[in-house]
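S.K.: Which chain is which? The protein sequence lines are A and B, in order.
When the letters of the first sequence are read in order and numbered with my numbering, they come out as residues 1 to 198.
When the letters of the second sequence are read in order and numbered with my numbering, they come out as residues 199 to 668.
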Amino acid sequence: MAYDKFNILTSSAVPLPIENVDTDQIIPARFLKATERKGFGDNLFRDWRYNSDGTPKEQFVLNNPIYSGKILVGGKNFGSGSSREHAAWAVYDYGFRCVVSSFFADIFRGNCLNIGVLPVQVSPEFLNKIFKAIEADPKTELEVNLPEQKITILATGESESFDINDYKKQNMLNGFDDIDYLLNIQKDIEKYAESTPL
Amino acid sequence: MSKTLFDKVWDSHVVKHIENGPDVLFIDRHLVHEVTSPVAFLGLKNRGIKVLYPERTFATADHNTPTRNQHLPVKDPLSANQLKALEENANAHNIPYWGLGHKKNGIVHVIGPENGITVPGATIVCGDSHTSTHGAFGAIAFGIGTSEVEMVLSTQCIMQPKPKSLRINVNGELSEAVTPKDVALFIISKLSTSGATGYFAEYAGDVFKNMSMEGRMTVCNLSIEMGARGGMIAPDETTFEYIKGREYTPKGKDWDAAMEYWSTLYSDDDAEFDKEVTFDASEIEPMITFGTNPGMGIGISKDIPLAETIDGSPATYKKSLEYMDYSEGEAMVGKPIDFVFLGSCTNGRIEDFRAFASIIKGRKKADNVTAWLVPGSHKVEEAIKEEGILDILTDAGFELREPGCSACLAMNDDKIPAGKYAVSTSNRNFEGRQGPGARTLLASPLVAAAAAVTGKVTDPRELMHEEVLA
């Protein structure tokens, strides 16, 4: 199933300078009961965002109107914990297309790539620069350039390159997914399977 | 060229290698549950394709299921709908489905090994991060997202770059009351929850060699909590003894052929690992967590570390202690608790119930404690009854529930109330993991039992040395 193409994204960003943000915070388990992939953005960071009576917690960043944008910037070890792709869906459904951190948990990073959200890993120093830039001006814009694999703080011109493997980069640029690829090599897979006992 | 155990299994499953990209990895066994599969099945429907190898696919209901009155219709309409979707999808694609009430029903990572679906040298995936459990048998097993569930259903493959290798050695002998759970919590406390991210672990050394299969499953289960995709242990006589004769394991000549392959599954003497760490078993004492990630664990006799002594952001550390309503420097022993949860894919097997019962026997549940004892499967439940453990539990004022994931992730009604403390044998103490506002202390079944009878955090060694007035 093709997803959105990703090329160059220029946007303000939402800062979440907390380490070890786990997938239970991104979307608590009690909101995983759907059988279709929609509406998860409403419950993104549910328990940090809302009180138990459903009223918004005003101090939480998503409830602060001065912050907005398609880029979420999180602290180190973002997305640890459960394999629930619902966490990536919630990030996407809320409107984010890119998550920046100095370190990502493996499964969350893979899930993001599989649905067209770009995980951008930067150095701890550059992450701090981003947080400082947003603190100085909440509307400050970041440019995430996938073809050049470069992220830039536009106000200061400071930039850093980021890694992504060529295969996934092409998928992101073109909006391809892995199943299209795998279905195309099904003959090879069937041949392999014949040689492998159950 | 010498290879690690992981290399041997991974390399033999690569259908195709993509230059500067992932490997196309063939998956021998795919376990499916109700929460992470419906959107994947919907994807197949939209593409107009069927499950490629239903005979390599197994489905069970566990995450969402009630642990009481399973014979009655599920009350929560959303949960009921998800269970119905799994049953319909399994039927439409000819996948064996062990739903509620089925005698093989239970937590996916408990029933896989129990029924012999889990074998050495296999690649096993499931849309659940604790799939790492199956690595105990020398399999490569790891959790995947729903897009990948769809890949495996439709093509029996996933696309993953090969992870780096990490060997964790624990040598020497474990001290009294130190269980596999304590070994795992100790390792995670040393490496942190991201210390093994990007790696696939192999556990080696005396401690794992001498460990039962149940114990090895507990250790491998928790690999993901240090960030590793999975962890594995080379199969040996203990492994073969455990799997022989189970329903889905090879029989007769097939067994002999399999044994020939399985006996090659070890890391060569001169195999190189990208990273290697070694611990001394005697350093480990019964563990307990005090914070909001599984890396925040300490020996039960120790005090909560001071913020200045920890790695990482002091602000995040303080936020975590604030959530727990604990302060730096406090002792854990003596802290009051409200709930005890024995169960989950980490500690919901028969050995865990035996350990719990060994402390409970002749004592009574503390009045201030609500205890939820949830077997990992119907087979575990049967064993609890057959071995007389149920009588011990009942005499002490405990009730046994029906199998499922239960309060580990609180998707069903088993939610720890806001602000309450639960000593849990499960795997995650994240904020709200066991219910909104719930506070979790991760520990072994022995520590959980000690808390259940005293109503507070208690060193199980104290009770083990105390005469019980039966």
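In this text, a Cβ means the ideal position worked out from N, Cα and C, and glycines have one as well.
Any beta carbon of chain A sitting closer than 8 Å to that of Val222 (chain B)?
M.R.: Cβ-Cβ to chain A under 8 Å: yes for Val222 (chain B).
S.K.: What first and last residue would you give for the alpha helix (DSSP H) that runs through Asn184 (chain A)?
M.R.: Unbroken alpha helix (DSSP H) run through Asn184 (chain A): 178-184.
S.K.: Report the option in B:Leu540, B:Glu400, B:His307 whose CA atom is closest to the CA atom of Glu474 (chain B).
M.R.: Of B:Leu540, B:Glu400, B:His307, the residue nearest in Cα terms is B:Glu400.
S.K.: Just tell me which of B:Ala608, B:Lys500, B:Tyr515 has its CA closest to the CA of Gly532 (chain B).
M.R.: Of the listed residues, the one whose Cα sits closest to Gly532 (chain B) is B:Lys500.
S.K.: Gln121 (chain A): buried (16+ other C-beta within 10 angstroms of its C-beta) or exposed?
M.R.: Buried, since its Cβ has 16 or more Cβ neighbours within 10 Å.
S.K.: At a CB-CB cut-off below 9 Å, which residues of chain B make contact with Asp24 (chain A)?
M.R.: Residues of chain B passing the Cβ test: Leu607, Arg626, Phe628, Glu629, Gly630, Arg631.
S.K.: List the whole-angstrom C-beta distance separating Gly336 (chain B) from Gly319 (chain B), where the pair is believed to meet the contact cut-off of C-beta under 8 Å.
M.R.: So it is a contact: roughly 6 Å between Cβ atoms.
S.K.: Along chain B, which residues have their Cβ under 8 Å away from the Cβ of Ser123 (chain A)?
M.R.: Near Ser123 (chain A) there are no residues of chain B at all, since even the closest Cβ is about 15 Å away, more than 8 Å.
S.K.: Can you name the residues that DSSP bridges to Asp478 (chain B)?
M.R.: The partner list for Asp478 (chain B) (beta bridge, DSSP) reads B:Asn369.
S.K.: Taking only beta-carbon atoms, is Phe131 (chain A) less than 8 Å away from chain B?
M.R.: For Phe131 (chain A), the answer is no, since every Cβ of chain B falls outside 8 Å of its Cβ.
S.K.: Locate the alpha helix (DSSP H) running through Glu585 (chain B), then write down its first and last residues.
M.R.: Run containing Glu585 (chain B): none; DSSP gives neither H nor E here.
S.K.: With burial defined as no fewer than 16 other Cβ atoms inside 10 Å of the residue's Cβ, what is the status of Glu520 (chain B): buried or exposed?
M.R.: Per the 10 Å Cβ criterion, exposed.
S.K.: Need the endpoints of the beta strand (DSSP E) that Thr638 (chain B) sits in, please.
M.R.: Looking at the DSSP string, the run of the beta strand (DSSP E) that includes Thr638 (chain B) is 637-640.
S.K.: Following the continuous beta strand (DSSP E) through Tyr397 (chain B), name the residue where it begins and the one where it ends.
M.R.: Element bounds for Tyr397 (chain B): 397-402.
S.K.: Judging by CA-CA distance, which residue of B:Asn610, B:Leu270, B:Ala334, B:Ala650 is the nearest neighbour of Tyr440 (chain B)?
M.R.: When each option's Cα is compared against that of Tyr440 (chain B), the closest is B:Ala334.
S.K.: In this structure, does DSSP put Gly41 (chain A) in helix, strand or coil?
M.R.: It is helical.
S.K.: Does DSSP put Glu194 (chain A) in a helix, in a strand, or in coil?
M.R.: Three-state result, Glu194 (chain A): helix.
S.K.: As a quick exercise: from A:Asn64, A:Phe60, A:Ser83, pick the residue whose alpha carbon is nearest that of His328 (chain B).
M.R.: When only C-alpha atoms are compared, the closest one is A:Ser83.
S.K.: Using a beta-carbon distance below 8 Å, is Ala193 (chain A) in contact with chain B?
M.R.: Yes, contact with chain B.
S.K.: Asn145 (chain A) lies in the beta strand (DSSP E); which residues open and close that run?
M.R.: Here the beta strand (DSSP E) through Asn145 (chain A) covers 141-145.
S.K.: Can you tell me whether Arg266 (chain B) is buried or exposed, with buried defined as 16 or more other CB within 10 angstroms of its CB?
M.R.: Result: exposed.
S.K.: Check Ser622 (chain B) in the structure and name its three-state DSSP category.
M.R.: If DSSP states are grouped into helix, strand and coil, Ser622 (chain B) belongs with the strands.
S.K.: In whole angstroms, what is the alpha-carbon distance linking Leu127 (chain A) and Asn545 (chain B)?
M.R.: The alpha-carbon atoms of Leu127 (chain A) and Asn545 (chain B) are separated by roughly 38 Å.
S.K.: Please list the residues of the region 546-557 of chain B that have a C-beta atom closer than 9 Å to any C-beta atom in chain D, keeping them in chain order.
M.R.: Judged by its chain identifiers, the structure shown contains no chain D, and its protein chains are A and B.
S.K.: When you compare the region 615-622 of chain B with the region 635-653 of chain B, are there three or more beta-carbon pairs, one atom per stretch, that lie closer than 8 Å?
M.R.: As far as the Cβ criterion goes, the region 615-622 of chain B touches the region 635-653 of chain B, which means the pair count is three or higher.
S.K.: Only counting runs of 4 or more residues, tell me where the alpha helix (DSSP H) segments fall wholly within the region 70-132 of chain A, in order along the chain.
M.R.: Whole alpha helix (DSSP H) segments, 4+ residues: 86-94, 106-115.
S.K.: What's the C-alpha gap between Lys282 (chain B) and Gly81 (chain A)?
M.R.: Approximately 27 Å between the Cα atoms of the pair.
S.K.: Any beta carbon from chain A within less than 8 Å of Asn292 (chain B)'s own beta carbon?
M.R.: No, because no Cβ of chain A sits closer than 8 Å to the Cβ of Asn292 (chain B).
S.K.: Are the C-beta of Gly314 (chain B) and some C-beta of chain A separated by less than 8 Å?
M.R.: False, the Cβ-Cβ gap to chain A never drops below 8 Å.
S.K.: Among B:Glu597, B:Arg227, B:Gly497, which residue has its Cα nearest to the Cα of Gly675 (chain B)?
M.R.: The shown model of chain B, from 199 to 668, leaves out residue 675 (chain B), and the question about it has no answer.
S.K.: Check the Cβ of Leu240 (chain B) against every Cβ in chain A and list those closer than 7 Å, keeping chain order.
M.R.: The contacting residues are Glu36.
S.K.: For Gly74 (chain A), does the count of other Cβ atoms within 10 angstroms reach 16, so buried, or fall short, so exposed?
M.R.: So Gly74 (chain A) counts as buried.
S.K.: Taking only three categories from DSSP, how would you classify Gln149 (chain A)?
M.R.: Here Gln149 (chain A) sits in coil by DSSP.
S.K.: Once you ignore the five residues that flank Lys214 (chain B) on each side, which residues in its own chain have a CB closer than 7 Å to its CB?
M.R.: Excluding sequence neighbours, Lys214 (chain B) sits near Val222.
S.K.: If we define contact as Cβ-Cβ less than 8 Å, is Leu639 (chain B) a contact residue for chain A?
M.R.: With 8 Å as the cut-off, Leu639 (chain B) does not count as an interface residue toward chain A.
S.K.: Got a sec: is the Cβ-Cβ distance from Ile179 (chain A) to anything in chain B below 8 Å?
M.R.: Taking Cβ atoms only, chain B reaches closer than 8 Å to Ile179 (chain A), which makes this a yes.
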